[in-house]
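No gaps in the numbering here: position 5 of the sequence shown is 5 in full-length UniProt numbering, and each next residue is one more.
See below for the structure under consideration.
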Amino acid sequence: MSDSDTNIPFPDIDPYEVLGVNKSVTEKELKKCYRKLMLRCHPDKTKDWTPEAKEKFHKIQFAFEVLDKFKETYDKTGSVEACFKGSDFADWKDLFDMDVAINKDTIAADKAVYRGSTDESQDIRDSWQANAQGKVKKRYNPDEDQFTLLFQEVPHIEANESDEAYLFNLVSELLKKGEITDSDGSFERWTKNRKKYLRALQKKLAKEEKLAEEMLSQMEEKNAVSDEAELKRAIQKKNKNSFDSLISRLESQAKSKNKRRKHAEPDDEEFEKIRSKISKKRG
Numbered sequence: 001m002s003d004s005d006t007n008i009p010f011p012d013i014d015p016y017e018v019l020g021v022n023k024s025v026t027e028k029e030l031k032k033c034y035r036k037l038m039l040r041c042h043p044d045k046t047k048d049w050t051p052e053a054k055e056k057f058h059k060i061q062f063a064f065e066v067l068d069k070f071k072e073t074y075d076k077t078g079s080v081e082a083c084f085k086g087s088d089f090a091d092w093k094d095l096f097d098m099d100v101a102i103n104k105d106t107i108a109a110d111k112a113v114y115r116g117s118t119d120e121s122q123d124i125r126d127s128w129q130a131n132a133q134g135k136v137k138k139r140y141n142p143d144e145d146q147f148t149l150l151f152q153e154v155p156h157i158e159a160n161e162s163d164e165a166y167l168f169n170l171v172s173e174l175l176k177k178g179e180i181t182d183s184d185g186s187f188e189r190w191t192k193n194r195k196k197y198l199r200a201l202q203k204k205l206a207k208e209e210k211l212a213e214e215m216l217s218q219m220e221e222k223n224a225v226s227d228e229a230e231l232k233r234a235i236q237k238k239n240k241n242s243f244d245s246l247i248s249r250l251e252s253q254a255k256s257k258n259k260r261r262k263h264a265e266p267d268d269e270e271f272e273k274i275r276s277k278i279s280k281k282r283g
């Protein structure tokens, strides 16, 4: 069965690779990962809604559809086509264009419960340990510095004075408790240069975001949006904070809602509504 016969959007897709999970993933883990990626790549969450970004968003939706409904078939055959034998894909565009109910209100509500939570402390520890290299750096590099990277990896932390002070106090407490160590000298270095490094980070963010937006605007004017390589380079030059802050918000939205965690998790209902509408259309 060929792609032209079935109109399968991404016949060669590896759903496990797209979603970043393995074959042993549970249904709960799969849905959590899906929500996380959907929030990260949702068109309302990024200014850089390029053809490349749109395709990535669509692949996430399609990959989840495969594993959510046809995991057993895919695991046996390794074929996406086998999963959708006889299906009409005429309405896939509708699925891809549907919005997920994520907005400023839900983000604000999540921030309210995330701040000061055990999830927040854990996210800081995870980021700090993941970026540790075990030796003091001779020079400050914002793309490798543990403390600086917290601005992009911890949910709801922005590069402003109030958030910097908040984050500084949290890291200080974790160090005092022995829950993390300053083996790279990152915290000590930041402590001595707080205002300087924060201003430099803010300036870098503003400059690189402006550069990316200008490049995108020029390309659109010249009808060169299809030049994905050039566009990708422009977007990649944008500091990670502006994009990864969206990832951070996503991560917080994806936290499990149970007695052990106070961090709210979005309801499955919104996602189910989207897929059920498409299923009815294809049925």
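Here a beta-carbon is modelled for each residue, glycine too, at the ideal position from N, C-alpha and C.
Model, not experiment: these values are computed from the prediction.
Give the DSSP-derived three-state secondary structure of residue i in the structure shown.
i, result
"residue 135", "coil"
"residue 53", "helix"
"residue 153", "helix"
"residue 7", "coil"
"residue 20", "coil"
"residue 214", "helix"
"residue 180", "coil"
"residue 68", "helix"
"residue 26", "coil"
"residue 159", "coil"
"residue 187", "helix"
"residue 123", "helix"
"residue 146", "helix"
"residue 240", "Unreliable placement is indicated for residue 240, whose pLDDT of 44 sits below 50; no coordinate value is reported for it."
"residue 117", "coil"
"residue 286", "The shown model of the chain, from 1 to 283, leaves out residue 286, and the question about it has no answer."
"residue 76", "helix"
"residue 85", "coil"
"residue 261", "Note that residue 261 scores 43 on pLDDT, short of 50, meaning its location in the model is unreliable; the coordinates nonetheless yield the value given after this. Note: residue 261 maps to strand in three-state DSSP."
"residue 193", "coil"
"residue 169", "helix"
"residue 108", "helix"
"residue 34", "helix"
"residue 101", "Note that residue 101 scores 47 on pLDDT, short of 50, meaning its location in the model is unreliable; the coordinates nonetheless yield the value given after this. Residue state, collapsed to three classes: coil."
Could you say which of the options lies nearest to residue i if we only look at CA atoms?
i, options, result
"residue 181", "135, 192, 55, 155", "135"
"residue 36", "18, 210, 83", "18"
"residue 205", "53, 148, 62", "148"
"residue 187", "175, 195, 25, 13", "175"
"residue 83", "164, 179, 8, 163", "8"
"residue 144", "109, 189, 70", "189"
"residue 60", "191, 75, 14, 76", "14"
"residue 194", "131, 69, 166", "166"
"residue 120", "73, 157, 130", "157"
"residue 71", "172, 171, 25", "25"
"residue 31", "50, 58, 214, 63", "63"
"residue 178", "207, 129, 112", "129"
"residue 38", "127, 58, 78", "58"
Are the beta-carbon atoms of residue i and residue j separated by less than 8 angstroms?
i, j, result
"residue 168", "residue 201", "no"
"residue 11", "residue 80", "yes"
"residue 184", "residue 133", "yes"
"residue 211", "residue 164", "no"
"residue 131", "residue 146", "yes"
Taking residue i and residue j to be in contact with their CB atoms under 8 angstroms, please state how far apart those CB atoms are, rounded to whole angstroms.
i, j, result
"residue 124", "residue 154", "6 angstroms"
"residue 29", "residue 21", "7 angstroms"
"residue 23", "residue 16", "7 angstroms"
Does the CB of residue i have a neighbour CB from chain C at under 8 angstroms?
i, result
"residue 206", "As a matter of chain content, chain C is missing from the structure shown, which is built from one protein chain."
Pairing CB atoms from the segment 139 to 151 with CB atoms from the segment 112 to 121, are three or more of them under 8 angstroms?
-> no
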